[in-house]
Amino acid sequence: MRRKKLLRLTVVTLVMLLCLGIYSSETALLTDERQMTVIAQDMSAAPDAPPVVMEKSEPAKDAVPVKKPPVGETAALKPDAGTTPVRTDQGGKAAEDPVKNAVHKPADGQGPAARKQGVKRVALTFDDGPDKKYTPLILDVLKKREVKATFFVVGIQVAKYGDVLKRISEEGHAIGNHTWDHADLTKRTAEQVAEQIDKTDTAIRKALGTGTALFRPPYGAADEQVKTSSAAAHQHLVLWTVDTRDWAGTSSAEMLDKVKKQTKPDGIILMHCFGGKNGKLDNTVEALPQVIDYLKGEGYTFVTVNELMAEQA
20 MRRKKLLRLT VVTLVMLLCL GIYSSETALL TDERQMTVIA QDMSAAPDAP PVVMEKSEPA
80 KDAVPVKKPP VGETAALKPD AGTTPVRTDQ GGKAAEDPVK NAVHKPADGQ GPAARKQGVK
140 RVALTFDDGP DKKYTPLILD VLKKREVKAT FFVVGIQVAK YGDVLKRISE EGHAIGNHTW
200 DHADLTKRTA EQVAEQIDKT DTAIRKALGT GTALFRPPYG AADEQVKTSS AAAHQHLVLW
260 TVDTRDWAGT SSAEMLDKVK KQTKPDGIIL MHCFGGKNGK LDNTVEALPQ VIDYLKGEGY
320 TFVTVNELMA EQA
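Position 60 (the sequence shown) corresponds to 79 in our numbering; numbering is contiguous.
Here it is, written out as structure tokens:
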């Protein structure tokens, strides 16, 4: 009897253990299923994740060196007291700080030694050309009197009369940039200012094979934007100290009188080789020999603007 009871107890125990094992397995499976269900529900309930965007760093600047203003750009060729620095007929206003230094080899006899000996220098400048009429007449006068000058040329004129520009260069005169179409640059955007300068320089290079280091803004109008653009183009901003007002039809006698009263050593005289009142500059052609003869008589030596600025450096 005892053996039968023990056997039954053993069987019952085994059955209970077996049932307990099955229950535990089912519970574990249910737990796993519930966990997977919860995870799935969380993912479906979550908002769409935003796309991952790679932040782009600023591209490295090219290794090409940035163009820098010429050495001494803050120095100025300021008009002497009592002179008329600019034309005011078309609302132009004078730039206050034109660049004065230029890298240029002085002409024979015009180096530092000559300056120390008291040589008085003056630069004749002619704006707005070239053309086929007055520019050649002016060149004839300069050649006859063995004087070198500086011509600030307008791009549209260069495009038309490249042969005259070549003559200017071949006869030893300096050439400067005077914009493409004589625009008031203070009324243009930075991009337009740069285009006016670059387009004219391109025309000069096309005609001569080389550009220029000189720049004169029309009407003498130059704000900070204009100064920055000329410096970026490696062109020195140049104004004047004597305005003959030939463009206004001033008589040759009056022009000479202005030169006598206003010219001082290292001065820059403004004249024109194209344009003028009613398109005429006969007064300039008539006055030029008188101006040259007077200044020579006063002991002045004529130099280009490049040479003048090199001496002032």
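All C-beta atoms in this analysis are idealised placements derived from N, C-alpha and C, irrespective of residue type, glycine included.
Buried or exposed by the 16-neighbour rule on C-beta atoms within 10 Å, applied to residue i
i, result
"V322", "buried"
"G174", "buried"
"N297", "exposed"
"K279", "exposed"
"M55", "Summary for M55: the model assigns pLDDT 33, below 50, so the residue's position carries little reliability; its value from the coordinates is reported in the next sentence. Counting Cβ neighbours within 10 Å, M55 comes out exposed, since fewer than 16 surround it."
"R53", "Residue placement at R53 is poorly supported in this model, since its pLDDT is 36, which falls under 50; the coordinates still yield a value, given next. The residue is exposed, with fewer than 16 neighbouring Cβ atoms inside 10 Å."
"S248", "buried"
"A169", "Here the sequence assigns Thr to residue 169, which means Ala is not the residue at that position. With 16 or more Cβ atoms within 10 Å of its Cβ, T169 is classed as buried."
"K246", "buried"
"S270", "exposed"
"R140", "buried"
"G148", "buried"
"T208", "exposed"
"R27", "exposed"
Limits of the unbroken beta strand (DSSP E) element including residue i
i, result
"A17", "Since the displayed the chain opens at 20 and closes at 332, residue 17 lies outside it and no answer follows."
"L289", "G286 to H291"
"Y319", "Y319 to F321"
"T221", "It is not in any beta strand (DSSP E) - T221 instead sits in the alpha helix (DSSP H) that spans A209 to L227."
"V172", "T169 to V172"
Opening and closing residue of the alpha helix (DSSP H) in which residue i lies
i, result
"L184", "G181 to E189"
"K139", "Segment K139 to D146 is the beta strand (DSSP E) holding K139; no alpha helix (DSSP H) there."
"N297", "That residue, N297, is in no alpha helix (DSSP H); it is neither H nor E in DSSP."
"G316", "D301 to G316"
Cβ-based neighbour list, residue i, same chain, cut-off 7 Å, excluding 5 preceding and 5 following
i, result
"L158", "R186, I187 and E190"
"I311", "R164 and V166"
"G230", "D220, I223 and R224"
Residues of its chain near residue i, where Cβ-Cβ distance is below 6 Å and the 5 sequence neighbours each way are ignored
i, result
"K315", "none"
"G295", "W266"
"M290", "F145, T263, D265 and T303"
"K218", "G174 and W199"
"P236", "L204 and V245"
"L307", "V160"
"H201", "V173 and P237"
"T320", "V138 and R140"
Given residue i as reference, the closest of the options once Cα atoms are compared
i, options, result
"K206", "I223, A241, T221 and W199", "A241"
"W199", "E273, A193 and K179", "K179"
"D146", "L300, C292 and V304", "C292"
"Q309", "V324, A329, T263 and V172", "T263"
"A142", "G228, R164, K151 and V261", "V261"
"A232", "A209, V166, V172 and V183", "V172"
"V177", "M328, H192 and K151", "K151"
"I216", "T208, N196, G228 and V138", "N196"
"P155", "L300, H201, M274 and E243", "L300"
"Y153", "V138, L184 and G137", "L184"
"I223", "A193, E210 and Q211", "A193"
"G137", "G318, Q281 and H201", "G318"
"V277", "G230, Y313 and E214", "For clarity, residue 277 is Lys in the given sequence; the question names Val instead. Out of G230, Y313 and E214, Y313 has the C-alpha closest to the C-alpha of K277."
"Q254", "G228, M328 and K162", "M328"
Whole-number beta carbon distance between residue j and residue i, since they are thought to touch under 8 Å
i, j, result
"G181", "A226", "4 Å"
"A252", "D220", "7 Å"
"T288", "V324", "Sequence check: residue 288 is Ile here, not Thr. Contact doesn't hold; Cβ gap of about 11 Å is too wide."
"L258", "F234", "L258 to F234, Cβ: 11 Å. No contact."
Residue-chain proximity (residue i, chain B), Cβ-Cβ < 7 Å
i, result
"I223", "Among the chains of the structure shown, chain B does not appear; only one protein chain is present."
Cut-off 8 Å between Cβ atoms - residues of its own chain near residue i, not counting five sequence neighbours on either side
i, result
"L275", "A306, Q309, V310 and Y313"
"E214", "W199"
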